[in-house]
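Counting from 212, one number per residue, gives the positions in the sequence shown under this note's numbering.
Beta carbons: idealized from backbone N, C-alpha and C, even for Gly.
The structure presented is a predicted model; accordingly, all values stated were derived computationally and were not measured.
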Amino acid sequence: WARFGQFLLQDGVWNGQQILPGGFVAWMREAAPASKVYGRGQLWIEGPGDEQSPGAGIAAGLQRDTYWMEGHDGQTVAIIPSEQLVVVRLGLTPATLGYRPQIMVAALVKALH
């Protein structure tokens, strides 16, 4: 998952070869017409959370260019282009607990500075 996140961070380039069409990752990150928090490419653009009240990532102090992939029960990939950073979390946190990774990722970014 870290490599896939890095691939997206590099705008679809791997080992110097353009795999995805230029600009495709930017298109994936554009807001989907029917959603406030999903990009066209089914990426979270606000971070995992309540679709009706977006902004949890910004509230946690994350950079505005952060985008996410979310897996099962708390597994996430955060991609932060302005930091040249990919953060992967594979821990198990049942969805019923309401875990949101934004605070943890924001703390990690802060610690790296």
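When the options are compared against residue i, the one with the closest alpha-carbon
| i | options | result |
| --- | --- | --- |
| Val297 | His283, Leu323, Leu303 and Thr304 | Leu323 |
| Val306 | Thr277, Tyr278 and Thr287 | Reading off the sequence shown, one finds Ala at residue 306, where the question assumed Val. Checking every option, the nearest Cα to that of Ala306 belongs to Thr287. |
| Arg214 | Glu281, Ile290 and Glu294 | Ile290 |
| Arg251 | Ile269, Leu301 and Met280 | Met280 |
| Glu241 | Pro232, Gly233, Ile256 and Gln229 | Ile256 |
Beta-carbon spacing of residue i, residue j below 8 Å
| i | j | result |
| --- | --- | --- |
| Leu273 | Val236 | no |
| Gly285 | Tyr310 | yes |
| Gly216 | Val299 | yes |
| Phe218 | Trp212 | no |
C-alpha gap between residue i and residue j, whole angstroms
| i | j | result |
| --- | --- | --- |
| Gln221 | Arg275 | 18 Å |
| His283 | Gly227 | 32 Å |
| Gly302 | Leu308 | 13 Å |
| Ser293 | Ala243 | 22 Å |
| Lys247 | Tyr278 | 13 Å |
Endpoints, the beta strand (DSSP E) within which residue i is located
| i | result |
| --- | --- |
| Ala363 | Outside the displayed span of the chain (212 to 324) sits residue 363, for which this structure offers no information. |
| Arg300 | Leu296 to Arg300 |
N- and C-terminal bounds of the alpha helix (DSSP H) containing residue i
| i | result |
| --- | --- |
| Arg240 | Phe235 to Arg240 |
| Val316 | Gln313 to Leu323 |
| Gln221 | Taken as a continuous stretch (DSSP letters only), Gln221 belongs to no alpha helix (DSSP H), as it is neither H nor E. |
Any 3 or more C-beta pairs closer than 8 Å across the segment 302 to 316 and the segment 223 to 238: At 8 Å Cβ cutoff, the stretches do not touch.
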